[in-house]
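Trainee: Positions 13 to 114 (the working numbering) are the ones given, in order, by the sequence shown. All residues carry an ideal CB built from backbone N, CA and C; glycine is no exception.
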Amino acid sequence: MTTENHPQEPRLLPWASQDGKPCYLIGEGRGPVSDLADGLEEMQLSMAVQLLDHSRAALNRPETPTPTELLFITNRLTESLSDAVRVADSRGRRLDQALRAP
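In structure tokens:
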């Protein structure tokens, strides 16, 4: 919904351009691109939970993880955290916008 005082802000999408810049969607939040973004956000958050479970299990094993395992876990956690922060940022912006709407 747009108003004169609160125009529709672009939605931060859960992916970046080929050169790493953020991608945005301008519109009312309905349609195939919005649906695709919603699905990807859900998948990213679900994968983050699975990765967190895997990481905890690996770190709580009796044997110490190898440096290769730790590097793999660290890289995947970094990617997953980046995705989760982007989702949180996008949803926070939309929540703020919804709260400002009349």
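DSSP on A49, reduced to helix/strand/coil?
Mentor: A49: helix per DSSP, three-state reduction.
Trainee: Are the region 28-48 and the region 64-71 in contact at 8 Å, needing three or more beta carbon pairs?
Mentor: Short answer: they don't touch.
Trainee: Between V45, P77, L24, M59, which lies nearest to Y36 when the distance is taken from Cα to Cα?
Mentor: Closest by alpha carbon: L24.
Trainee: Taking A96 as the reference, which of Q30, D47, S58 has the closest Cα?
Mentor: Ranking the options by Cα distance to A96, first place goes to S58.
Trainee: By the three-class DSSP mapping on this structure, what secondary structure does P26 have?
Mentor: In this structure, P26 counts as strand in the three-state DSSP scheme.
Trainee: Identify the residues that DSSP records as bridge partners of R37: which are they?
Mentor: It is Leu, not Arg, that sits at residue 37 in the sequence shown. R23.
Trainee: With DSSP as the reference, label N72 as helix, strand or coil.
Mentor: Correct three-state label for N72: coil.
Trainee: Here's a check: name, in chain order, each residue in its chain whose Cβ is nearer than 6 Å to the Cβ of L82, leaving out the five neighbours to either side.
Mentor: Excluding sequence neighbours, L82 sits near nothing in its chain.
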